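Asks:
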Amino acid sequence: MSTPNNIALRAGELRDLLNKHNHLYYVADQPEVTDSEYDRLFKELTQIEADYPTLLTADSPTQRVGGKALDKFSQITHVLPMLSLDNVFDREELEAFDQRVRDWLNTADIQRYAAEPKLDGLAISLRYENGILIHAATRGDGEVGEDVTTNVRTISSVPLKLQGEGIPEVIEIRGEIFMPKVGFEALNVQQIAEDKKPFVNPRNAAAGSLRQLDSKITANRPLAMICYGLGEIRGMAKPETHLQAMQIIAKWGCQISPELQLVEGVEACLAYIQQIGERRQRLPYDIDGVVFKVDRFELQQRLGFVSRAPRWAIAHKFPAQQEMTVIEDIEIQVGRTGALTPVARLKPVFVGGVTVSNATLHNQDEIERKDVRVGDTVIVRRAGDVIPEVVQVVLSKRPENTHAFVMPTQCPVCQSDVERVEGNAVARCSGGLYCPAQRKEAIKHFASRKAMDVDGLGDKLVEQLVDEGLINDPADLFQLTIEPLSNLERMGEKSAINLVAALQMAKQTKFARFLYSLGIRETGEATTRSLASHFLTLDALQQADEASLIEIEDVGPIVAHHIVTFFQQSHNQEVIERLLDAGIHWPEERKIAADSALSGKTIVLTGTLEQMSRSEAKEKLLALGTKVSGSVSKKTDFVVAGRDAGSKLTKAEKLGVSVVDEATLIEWLK
Ligand code: IVH
Numbered sequence: 001m002s003t004p005n006n007i008a009l010r011a012g013e014l015r016d017l018l019n020k021h022n023h024l025y026y027v028a029d030q031p032e033v034t035d036s037e038y039d040r041l042f043k044e045l046t047q048i049e050a051d052y053p054t055l056l057t058a059d060s061p062t063q064r065v066g067g068k069a070l071d072k073f074s075q076i077t078h079v080l081p082m083l084s085l086d087n088v089f090d091r092e093e094l095e096a097f098d099q100r101v102r103d104w105l106n107t108a109d110i111q112r113y114a115a116e117p118k119l120d121g122l123a124i125s126l127r128y129e130n131g132i133l134i135h136a137a138t139r140g141d142g143e144v145g146e147d148v149t150t151n152v153r154t155i156s157s158v159p160l161k162l163q164g165e166g167i168p169e170v171i172e173i174r175g176e177i178f179m180p181k182v183g184f185e186a187l188n189v190q191q192i193a194e195d196k197k198p199f200v201n202p203r204n205a206a207a208g209s210l211r212q213l214d215s216k217i218t219a220n221r222p223l224a225m226i227c228y229g230l231g232e233i234r235g236m237a238k239p240e241t242h243l244q245a246m247q248i249i250a251k252w253g254c255q256i257s258p259e260l261q262l263v264e265g266v267e268a269c270l271a272y273i274q275q276i277g278e279r280r281q282r283l284p285y286d287i288d289g290v291v292f293k294v295d296r297f298e299l300q301q302r303l304g305f306v307s308r309a310p311r312w313a314i315a316h317k318f319p320a321q322q323e324m325t326v327i328e329d330i331e332i333q334v335g336r337t338g339a340l341t342p343v344a345r346l347k348p349v350f351v352g353g354v355t356v357s358n359a360t361l362h363n364q365d366e367i368e369r370k371d372v373r374v375g376d377t378v379i380v381r382r383a384g385d386v387i388p389e390v391v392q393v394v395l396s397k398r399p400e401n402t403h404a405f406v407m408p409t410q411c412p413v414c415q416s417d418v419e420r421v422e423g424n425a426v427a428r429c430s431g432g433l434y435c436p437a438q439r440k441e442a443i444k445h446f447a448s449r450k451a452m453d454v455d456g457l458g459d460k461l462v463e464q465l466v467d468e469g470l471i472n473d474p475a476d477l478f479q480l481t482i483e484p485l486s487n488l489e490r491m492g493e494k495s496a497i498n499l500v501a502a503l504q505m506a507k508q509t510k511f512a513r514f515l516y517s518l519g520i521r522e523t524g525e526a527t528t529r530s531l532a533s534h535f536l537t538l539d540a541l542q543q544a545d546e547a548s549l550i551e552i553e554d555v556g557p558i559v560a561h562h563i564v565t566f567f568q569q570s571h572n573q574e575v576i577e578r579l580l581d582a583g584i585h586w587p588e589e590r591k592i593a594a595d596s597a598l599s600g601k602t603i604v605l606t607g608t609l610e611q612m613s614r615s616e617a618k619e620k621l622l623a624l625g626t627k628v629s630g631s632v633s634k635k636t637d638f639v640v641a642g643r644d645a646g647s648k649l650t651k652a653e654k655l656g657v658s659v660v661d662e663a664t665l666i667e668w669l670k
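Using this note's numbering, the first residue of the sequence shown is number 1, and each one after it goes up by one.
(1) Any residues whose CB sits closer than 6 Å to a heavy atom of the ligand IVH? List them in chain order?
(2) Measure the alpha-carbon distance for E264 versus R174 and round it to whole angstroms.
(3) Under 8 Å between the Cβ atoms of V559 and T528?
(4) Using C-beta distances below 6 Å, list every residue in its chain close to L665, excluding the 5 sequence neighbours before and after it, in chain order.
(5) Restricting to Cα atoms, I'd like to know which of K317, F297, P319, F318 is closest to P310.
(6) Tell me the rounded alpha-carbon separation between Q333 and Y434.
(7) Would you give the residue range spanned by the beta strand (DSSP E) that Y228 belongs to?
(8) Measure the CB-CB distance between G646 and L609 and report whether it falls below 8 Å.
(9) Using a 10 Å radius around the Cβ and a threshold of 16 neighbouring Cβ atoms, would you call V391 buried or exposed?
(10) Among residues of its own chain, excluding the 5 on either side of H534, which ones have a beta-carbon nearer than 6 Å to its beta-carbon?
(11) In whole angstroms, what is the alpha-carbon distance linking A663 and P239?
(12) Just to confirm, are I563 and T537 a CB contact at a threshold of 8 Å?
(13) Between T57 and R345, what straight-line distance do the alpha-carbon atoms span, to the nearest angstrom?
(14) Could you give the DSSP three-state label for Y128: helix, strand or coil?
(15) V79: buried (16+ other C-beta within 10 angstroms of its C-beta) or exposed?
(16) Beta carbon of L262, beta carbon of L70: below 8 Å?
(17) May I have the straight-line CA-CA distance separating P4 from Q47, to the nearest angstrom?
(18) I need the boundaries of the beta strand (DSSP E) containing H316, first residue and last residue.
(19) Note the first and the last residue of the continuous alpha helix (DSSP H) segment covering D365.
(20) Taking the C-alpha atoms as reference points, what is the distance between I76 and K507?
(21) What are the boundary residues of the beta strand (DSSP E) that C429 is part of?
(22) Residues in its own chain within less than 6 Å of I132 by CB, not counting five upstream and five downstream?
(23) If we ignore side chains and look at the alpha-carbon of each, how far apart do K68 and N204 end up?
(24) Three-state secondary structure (DSSP) at T664?
(25) Among T34, V659, A475, which one has its Cα closest to the Cα of D581?
(26) Where does K651 fall in DSSP's three states?
(27) Roughly how many angstroms separate the alpha carbons of K510 and V372, rounded to a whole number?
(28) Inspect the beta-carbon positions of K216 and G66 and report whether they are closer than 8 Å.
(29) K648: buried (16+ other C-beta within 10 angstroms of its C-beta) or exposed?
(30) Helix, strand or coil for M324 per DSSP?
(31) For R282, which option in K627, P180, R490 has the closest C-alpha, if you only look at C-alpha atoms?
(32) Is I7 buried or exposed, if buried means 16 or more other CB atoms sit within 10 Å of its CB?
(33) P348 lies in the beta strand (DSSP E); which residues open and close that run?
(34) Using only CA atoms, which one of C254, G583, S156, D545 lies nearest to Q479?
(35) Take T402 and list the residues in its own chain whose beta-carbon comes closer than 6 Å to its own, dropping the five residues that flank it on each side.
(36) For Y25, which of helix, strand or coil comes out of DSSP?
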């Protein structure tokens, strides 16, 4: 049976009306109809959709009440990664940021920044296709997030359909989902009334609400969204500045920060921080600082990013919050690389929005410097998401008969000797993989989200598996079968099946992730990514010597040494072999721009460039697959000579190496 035309038209009309009133109420704060009028329109649409299910669309406001509960969230790969921000805490660090920006752009000009409060919630990317909200994803690890579309549709300030002119084919709008303070208080009153645990802070409440598999629950939580950026754009020219971009999406119906302002130079940034700081308590939502972004997109593009954070933006966090409490005990934790870390067990204290019961004491030197003892009253500090730390002891409150703390000489877990290298603050257990603590940490790291990302294999379960003798190293994970697993305490057959399936899934990975999961000392995400894109294959990397490793971005002599040593150890080789035998695999890595004419060439930059800094030029050349070297030799293919080039230019001329000027360089980079 076909749907009568007039009814289809009416449904469209109702959707548009309801979406408009929704925006007027939640975003513009200028309602034009009464609640009962809104309810009447809403009921009419619900009835039509019930009678003619084919008329139900993704942008229908009736979808805001939540839908069928999910089993789990599926994953969404971000076309453009979702970055995070570096932090600064004071004037000097902010000045240094501004200086770095100007150095990179090679300019003395005062920089213009877009300033906004840093909301304390969760980053979300909304994808609109032809104006309709198609999906919403969490940040996840920045590359892959979770599909929380059904939940996000229930949030009133998120437009289900963009309204107005010039809406492109595809646009990703990014921002923060948070719980306003008033809503948070009300939710907790309700939680307590229902005998449920209250939430610690609005951020946790927002995260908990958004990660509900049952979107009906999310629909009843007072969430809101403020947008602060763009992702992929298709079918529209990118605006020129951040401010313009925000003005455009505001016209389409997105909520942007009412505090958004342009500021010029560091002094104006500081005045903005001061101004927002004074009003912080009165703002309707929690913020933990202020974000400054280079306003012009063209400059943002030139600045690019390092690892996970853009060079063109910075978060200035408000000063950490401090509280006083008592140290009840000092315990030693043994980390993945055997490092012994003393941890203070504290009488729980509420600081910076959460209850803190542990604080790191870093190492023996720190403990001695601060003279921290069990029984001491101390000041504890927590800044944003940074690990809580002990700032100082309140000596006037020190009880009698306390003792200075001494680090053990034997590992508290495996009793192996503790070693401390001269000049290094860190004491380490010498047990290596004999030490169960190190084994556990290595496996936890291997399974973690940024590594092999084994769904459902949390820290507690790894400990249990090692304690029960079911696994000793990462490769053993892939030999696990359902039978022994399901007999474990708190396990059951269903979880066992899920775990085995998750391990199976994890076998398909990326080269960089695999390298990261091996946990080679001092090789984080950025380094393993550089290694993967430089060496392309595991064989090539395993055969590399220290000299060739040092050529890579972020790899210094110490890291190079750790890498070589790691691959020399026979037990590491054996584990790697067993992992590959178990079926771990990844798609072949490709050299970036392997077809570019410059690929593989060795280039030396010298003299002063006018249009960009040497660092910017270097990064761009590397991206084209060239090697950028610091000294001229017969192997050099080109020397790029800027103004006042000196001895390197002379040497190039002597050796007959081709010399080009900045204009040629810019041609190449195009
Ligand atoms: S911009 C590439 N602007 O802070 C820049 N982020 O610490 C990406 N955040 O993941 C972020 N308020 O969740 C930006 N006005 C704001 C923000 C903001 C809060 C969050 C965001 C991000 C995190 C980074």
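Here a beta-carbon is modelled for each residue, glycine too, at the ideal position from N, C-alpha and C. Keep in mind the model is a prediction, meaning the values are calculated, not measured.
Replies: So, from the listed chains and residues:
(1) L83, S84, L85, E116, K118, L119, A123, R139, E176, Y228, G229, V291, P310, A313, A315
(2) 24 Å
(3) no
(4) V640
(5) F297
(6) 16 Å
(7) 224-234
(8) no
(9) exposed
(10) I552
(11) 28 Å
(12) no
(13) 54 Å
(14) strand
(15) exposed
(16) no
(17) 15 Å
(18) 313-317
(19) 364-370
(20) 19 Å
(21) 427-429
(22) A58, D59, K161
(23) 24 Å
(24) helix
(25) A475
(26) helix
(27) 44 Å
(28) yes
(29) buried
(30) strand
(31) P180
(32) exposed
(33) 340-351
(34) G583
(35) R373, G375
(36) helix
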